[in-house]
Each structure stands twice: as C-alpha cells, then as structure tokens.
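Structure, as structure tokens:
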Amino acid sequence: MGYIKSALLEETGYVVLDMYGKQIDPKEWMDIEYVDWKSSGDTRFAPLASAKGEIECNGFWNHQPPRTDKDGVWIPSQTEKAPTLTDRALEPGSNVGRCRIIELQPNTYADALYNLHQDDNNRLNPDGTGWVVRSFFNLTDDKDSFFVLRDNRTDPNGETRIALPAGAQLVIDTQRLWHAAYHPGDAPRYCLITSWESGPELDAYMEKYNGVNKVESVPLDQETIDAGQAEQERRIAARAAALAARGQREVLAMSEA
Ligand SMILES: [Fe+2]
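Each residue of the sequence shown is one higher than the last, beginning at 1 in full-length UniProt numbering.
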C-alpha cells in the first residue's frame, strides 16, 4: 500500500516556506521548561507535546504501549506560556506528534557535519497512513546560521545549506535527509520543531506559504567545506574505533532534533 507522502517533498526532501512575518515575544521560548536532552550537539529541549503530556522528550516508541510519532499530547503548563508557538504547530491541521523547542549552543561547521543524522519519525507508523515529516520554525534571528542537508552523510556533493533567520520555515523529510544545524556566534539558537503527518492538510499548508523544494545554498568557501569534511571523517573514524574497542557499532538513526 505504501505511505501517503507529499509530492512537493518528493524531489529534494525539503520545502522552504515563506518567512513568518510577525514578531513573537521571546518569553514564549524563554519562560518554558527545558530538559537536558542531548541530540546533535549541545542541546536542551522544551516539549510542547510529548507521548503522554509529560515534560520529557523520548520517542513515542519508547513508551508503553509503543507507538509512532503521531497524536502528541499537549502539555498545558508549557502551551499556556507559548500560545503563538502552539498555534503555529496546529496551523496546518495535520496530525502533530512530537512538538518541542530546541535550544542549540553555538557550534562549528565541522560539528554540524559530524552531527548529521536521520530521524526515526516513522518507526511503527502503520502502512497506508501519512509519512511523518518535520517542520522547523526558527525563532532566534540566526543570520549566520544554516541548516545542512545531505542525501549521503559523508558526501559533500549536493549539500544544501538553508539560512536560518528569525521566521525561517522549513518542512523536511528528516528520515530521508541527513541534517544538522550550523550555528556560530555566542548565544543559543531556538527553533520550534514539530512532527507533522503528510496528507492533504500539509500539502495545502505548504502551498499556502508558497513552498519551494529547491533553494540556492548559503555560500561557503571551499576551504571551510574541505576542512569540515576532513574533520567529520576524522571524528567518525575515531568514534568507530572507540566503539569497536567496546565491541559495539554506531547507531546512526537518531530520534531527535
Ligand atoms: Fe533530526
């Protein structure tokens, strides 16, 4: 039968929507509760919806009974402090799974390459239903930051770099594309991340905001790309060696961010 997927996401695995044009009070992401949850860098997360409405970030498949990344339970103590963000997650009318704000501490381009990962959004997702993708709504005005997207973790050819100013809105098939954020500077980046089920509601939403599935990459000099690539290779090899010494292998698919 197969999953219901978005035609617009099919070609590249990502869609960039129009910028969100309004101001949001930073209290919406500063005054809510964060939990330590390491994923793709030095991170904390503030969930707005979780598996059971608790302030925690575990994949829904790790709860009892295990289930896929749909039907997230809203957390009133969080959503009442973040009404605009909650509305934005609900705006398409798609089923919402995990919904959380990520706080990412500054990093380097090489860090981002090492942090590249695929998500696990569709574990236990029933065949014939909508494929779970993720929206990224950048909250802080991170003008020098960008999202790194690759079809292949270790291949820089075809890398796409998408700018992350405040109001940037992306929808990404994060189970398909390797992804991570590069975030220079001295202050954390905040971004709303929501798991949405593909279907007619999401298609209409992406059309309404003029979604495009190909954008010009943020320019980056070849020297930085080459140095980042070499460092990624070095760290992957070092980690593989450390794991091998313990008789383990790396688990590539990560569930978060
Ligand atoms: Fe991710």
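Beta carbons are placed, not taken as given, at the ideal position from N, Cα and C, and that holds for glycine.
* Asked: Are residue 167 and residue 14 closer than 7 Å when you measure CB to CB?
  -> Not closer than 7 Å, so no.
* Which residue's Cα is closest to the Cα of residue 69: 223, 75 and 196? -> Closest in alpha carbon position to residue 69, among 223, 75 and 196, is 196.
* Asked: In the DSSP assignment, what residue or residues form a beta bridge with residue 153?
  -> Partner(s): none; residue 153 has no beta bridge.
* For residue 253, the three-state DSSP class (helix, strand or coil) -> With a pLDDT of 49 at residue 253, under the threshold of 50, the predicted position of this residue should be treated as unreliable, and no value is reported.
* Asked: When DSSP builds the beta bridges, which residues end up paired with residue 185?
  -> Note: residue 185 sits in no beta bridge, so no partner.
* Entirely within the segment 120 to 176 and at least 3 residues each: give me those beta strand (DSSP E) ranges in chain order. => 132 to 138, 142 to 150, 160 to 164 and 169 to 172
* Using CA coordinates, which residue listed in 137, 160 and 143 is at the minimum distance from residue 225? -> 160
* Asked: From which residue to which residue does the alpha helix (DSSP H) around residue 50 run?
  -> Counting along the chain, residue 50 falls outside any alpha helix (DSSP H), though it belongs to the beta strand (DSSP E) covering 43 to 50.
* Any non-hydrogen atom of ligand 1 closer than 6 Å to residue 174 Cβ -> yes
* To do: Could you tell me if the beta carbon of residue 226 falls within a distance shorter than 6 Å of some heavy atom in ligand 1?
  => no
* Any 3 or more C-beta pairs closer than 8 Å across the segment 35 to 51 and the segment 64 to 82 -> Touching, yes.
* Mind reading off the beta-carbon distance from residue 199 to residue 130? Whole number of angstroms is fine, and I expect it under 8 Å. => 4 Å
* To do: Taking only the alpha-carbon atoms, compute the straight-line gap between residue 36 and residue 109 and give it to the nearest angstrom.
  => 23 Å
* Asked: Alpha carbon to alpha carbon, what distance is there between residue 122 and residue 89?
  -> 19 Å
* **Other residues of its chain near residue 63: CB distance less than 8 Å, five sequence neighbours each side excluded** => 51 and 52
* Check whether the Cβ atoms of residue 201 and residue 126 lie closer than 7 Å to each other. => no
* Asked: With respect to 6 Å, is the separation between the Cβ of residue 119 and the closest non-hydrogen atom of ligand 1 below this value?
  -> yes
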